[in-house]
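Asks: Dropping the structure in here first, questions after.
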Amino acid sequence: AASRAYIQTSQNLLSEEKMAVIVQEVCGTGQEGFFLPTFSGVARSINHYPIGDERPEEGICNLAMGLGKIVVDGGRTLRFSPRWPQRVLQTSTPGLALRETQDEVMVLDLRPEAFRTSSDDAVNVRRLDLATAGRLRQMRFVGSVWDRENDRISDSPTNPGRKLITFNNILKYGAFPLADIVAEMLRMGAEEMHCPVEIEFAGNMDVPAGERCLMNLLQIRPIIDSPDNRPIDWAGIDPGETLIYAESALGVGRMEGITEIVYVKPESFDKLRTERIADELLELNRRMRDEGLSYVLVGPGRWGTSIPTLGIPVKWSHISEAKVIVECGIEGFHVDPSQGTHFFQNVTSLGVGYLNVAPYRGEGRFDVERLNALPAASETTFLRRVHFERPLEVCVDGKSNRAFVRTGFPDPDNES
Numbered sequence: 074a075a076s077r078a079y080i081q082t083s084q085n086l087l088s089e090e091k092m093a094v095i096v097q098e099v100c101g102t103g104q105e106g107f108f109l110p111t112f113s114g115v116a117r118s119i120n121h122y123p124i125g126d127e128r129p130e131e132g133i134c135n136l137a138m139g140l141g142k143i144v145v146d147g148g149r150t151l152r153f154s155p156r157w158p159q160r161v162l163q164t165s166t167p168g169l170a171l172r173e174t175q176d177e178v179m180v181l182d183l184r185p186e187a188f189r190t191s192s193d194d195a196v197n198v199r200r201l202d203l204a205t206a207g208r209l210r211q212m213r214f215v216g217s218v219w220d221r222e223n224d225r226i227s228d229s230p231t232n233p234g235r236k237l238i239t240f241n242n243i244l245k246y247g248a249f250p251l252a253d254i255v256a257e258m259l260r261m262g263a264e265e266m267h268c269p270v271e272i273e274f275a276g277n278m279d280v281p282a283g284e285r286c287l288m289n290l291l292q293i294r295p296i297i298d299s300p301d302n303r304p305i306d307w308a309g310i311d312p313g314e315t316l317i318y319a320e321s322a323l324g325v326g327r328m329e330g331i332t333e334i335v336y337v338k339p340e341s342f343d344k345l346r347t348e349r350i351a352d353e354l355l356e357l358n359r360r361m362r363d364e365g366l367s368y369v370l371v372g373p374g375r376w377g378t379s380i381p382t383l384g385i386p387v388k389w390s391h392i393s394e395a396k397v398i399v400e401c402g403i404e405g406f407h408v409d410p411s412q413g414t415h416f417f418q419n420v421t422s423l424g425v426g427y428l429n430v431a432p433y434r435g436e437g438r439f440d441v442e443r444l445n446a447l448p449a450a451s452e453t454t455f456l457r458r459v460h461f462e463r464p465l466e467v468c469v470d471g472k473s474n475r476a477f478v479r480t481g482f483p484d485p486d487n488e489s
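So the sequence shown is numbered by this note's numbering: it starts at 74 and just counts up by one.
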């Protein structure tokens with residue numbers, strides 16, 4: 074039915090439609106009735122969320138132990154740049170590794186008693202927790218252990234302790250040249266297709282002694298930029314006409330349908346009362362979710378910091394409806410930008426824009442005076458919400474690391 078509906082709505086002629094079936098050998102080996110590759114992943118030749126020394130054109134890769142279904146389904150995976158494989162944010166500290174690395178492994182269940190027939194191609198796929206997956210041979214190639222007594226990550230997976238999937242043996246110590254292979258495949262793919270590409274791959278290191286490890290290229294396809302994601306002509310953008318302008322930004326494309334800006338009132342901000350600000354934001358975010366509204370969120374310091382005096386100590390549930398997160402430095406409260414690290418998994422997977430501005434130092438713009446002059450849709454002790462009758466124009470260009478938010482009405486007197 075879905076195929077027929079597609080034909081009816083497309084310009085394709087049924088007589089010209091062709092289908093092919095490709096039979097591929099599944100990459101991996103079996104153990105204890107489960108079949109899985111050592112790793113699988115998806116790599117893209119364009120990185121719209123570069124952090125640190127990363128550059129957009131160097132690409133980005135999401136990697137997981139086991140079947141790649143966890144990657145394409147948006148599960149928790151390891152993110153790394155093929156150019157900087159040893160600089161992985163998620164494994165940079167024990168705390169991040171414990172919270173942000175892969176927590177389940179997807180495998181094909183080969184046990185006869187568990188086999189099911191179904192039109193659902195995932196019916197015989199199982200999700201193993203790390204305690205179970207830790208017994209599999211594949212874990213020795215990708216696993217590490219948390220040394221609780223010394224609060225450090227040990228890269229010997231045979232040591233006792235909680236298992237972690239860090240890929241340190243591959244990315245950090247070069248047990249397999251994965252980063253080089255991915256970088257070369259992305260380069261060749263983009264060169265031959267004349268556009269950015271996305272590849273899916275899988276690898277198997279669990280091979281008999283003396284045999285070579287395998288790296289399988291499964292799919293390659295072009296990344297077709299929609300008009301919303303194409304580079305902006307910044308020569309036509311006047312920062313002075315924007316509500317927010319940043320030259321330190323992560324994200325991709327234009328964002329439609331945003332009519333709200335929520336900001337921490339600078340005159341009310343107190344770094345010793347940031348937990349109260351978080352409580353107010355939790356309630357406001359709940360109301361926004363109930364109303365089906367998304368918003369731009371602006372506040373001083375670091376969002377999501379574990380140190381309340383450095384910013385607002387929110388969890389993702391506090392700001393889940395925010396489509397753009399702005400860290401705004403204010404005079405007398407200088408904090409280095411967090412580069413989105415606290416929410417990076419959510420930021421990248423949900424396409425959230427991340428901006429950093431510090432207008433008092435001439436870095437970007439936040440026109441709080443104009444917002445203060447507009448009527449508030451709601452206001453609390455620390456927060457103010459401004460509603461616009463027409464959607465805001467919001468664009469985050471990850472390729473140039475610039476972004477802006479504007480009303481489309483340069484003259485404030487014309488604002489609704």
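Ideal Cβ placement from N, Cα and C applies to all residues, glycine included.
1. Closer than 7 Å by C-beta to L86: which residues in its own chain qualify, once you throw out the five before and the five after it? Chain order, please.
2. Are the Cβ atoms of F274 and M261 separated by less than 8 Å?
3. Can you tell me whether D194 is helix, strand or coil according to DSSP?
4. Can you tell me which of V115, L428, I350 puts its alpha carbon nearest to the alpha carbon of T382?
5. With a threshold of 7 Å on Cβ separation, who are the neighbours of H460 within its own chain once the five nearest residues in sequence on each side are excluded?
6. Can you name the start and end residues of the alpha helix (DSSP H) that P167 belongs to?
7. Is the Cβ-Cβ distance between G424 and P129 less than 8 Å?
8. Tell whether a beta-carbon distance below 8 Å holds between I385 and Y427.
9. Can you grab the Cα-Cα spacing for the pair N277 / T111, in whole Å?
10. Evaluate H391 with the Cβ neighbour count: other Cβ atoms within 10 Å of its Cβ, from every protein chain shown; 16 or more gives buried, anything less gives exposed.
11. Check each candidate in F108, A322, T239, S118 and name the one with the smallest Cα separation from L183.
12. Assuming G437 contacts E320 under a Cβ cut-off of 8 Å, what Cβ separation, rounded to an integer in Å, is found between them?
13. Entirely within the region 350 to 438 and at least 4 residues each: give me those alpha helix (DSSP H) ranges in chain order.
14. Taking the alpha carbon of L162 as the reference point, which residue from D194, E89, S217, I124 has its own alpha carbon closest?
15. The beta strand (DSSP E) spanning M258 covers which residue range?
16. A137 and L237: beta carbons closer than 8 Å?
17. Tell me which residue opens and which closes the alpha helix (DSSP H) that V215 is part of.
18. What three-state label does DSSP hand T347 in the structure shown?
19. CB T190 to CB T174, shorter than 8 Å?
20. Can you tell me the Cα-Cα spacing of D35 and D343, whole angstroms?
21. For G141 versus S118, is the C-beta distance shorter than 8 Å?
22. What are the boundary residues of the beta strand (DSSP E) that K472 is part of?
23. Quick one: grab the DSSP three-state call for P485.
24. For D126 versus W157, is the C-beta distance shorter than 8 Å?
25. So what's L162 in DSSP terms, helix, strand or just coil?
26. Leaving aside the five residues before and after R213 along the sequence, list all residues of the same chain whose C-beta is less than 6 Å from its C-beta, in chain order.
27. Suppose the cutoff is 8 Å on Cβ atoms and the five residues either side in sequence are ignored; what does the same chain contact list for D220 look like?
28. My assumption, with CB atoms under 8 Å, is that N429 sits in contact with E400. Please give the rounded CB distance.
29. Would you list the one or two residues that DSSP bridges to L151?
30. From R346 to R457, what distance separates their C-alpha atoms?
31. Secondary structure at I226, three-state DSSP: helix, strand or coil?
32. Within 10 angstroms of its Cβ, does D224 collect 16 or more other Cβ (buried), or is it exposed?
33. Let me check understanding here. Comparing Cα to Cα, which of P281, E186, E222, V270 lies closest to R210?
34. Give the C-beta separation of V478 and T315 to the nearest angstrom, bearing in mind that I take them to be a contact with Cβ-Cβ under 8 Å.
35. Are the beta-carbon atoms belonging to M258 and L290 less than 8 Å from one another?
36. Between the C-alpha atoms of I296 and S341, what's the straight-line distance to the nearest angstrom?
Replies: Put simply:
1. none
2. no
3. In the structure shown, D194 sits in coil (DSSP, three-state: anything other than H, G, I, E or B).
4. I350
5. T332, E333, A450
6. 167 to 173
7. No; because the gap between Cβ atoms is not below 8 Å, this pair is not in contact.
8. no
9. 5 Å
10. The residue is buried, with at least 16 neighbouring Cβ atoms inside 10 Å.
11. F108
12. Their Cβ separation, rounded to whole angstroms, is 6 Å, which keeps G437 and E320 in contact under 8 Å.
13. The region 350 to 438 contains these whole alpha helix (DSSP H) runs: 417 to 423.
14. Nearest Cα to L162 within the set D194, E89, S217, I124: I124.
15. Per DSSP, M258 is not a residue of any beta strand (DSSP E); the alpha helix (DSSP H) it occupies stretches across 251 to 266.
16. no
17. 212 to 215
18. helix
19. no
20. Outside the displayed range of the chain (74 to 489) lies residue 35, so it cannot be described from this structure.
21. no
22. No beta strand (DSSP E) contains K472, which DSSP labels as neither H nor E.
23. At P485 the pLDDT is 44, less than 50, meaning the model places this residue with poor confidence; the figure from the coordinates comes in the next sentence. Helix, per DSSP.
24. Yes.
25. In the structure shown, L162 sits in a helix (DSSP, three-state: H, G or I).
26. P230
27. I226, S227, N232, G234
28. Rounded, the Cβ-Cβ distance is 5 Å, consistent with contact.
29. Under DSSP, L151 forms a beta bridge with L136.
30. 16 Å
31. Correct three-state label for I226: strand.
32. exposed
33. P281
34. 6 Å
35. yes
36. 45 Å
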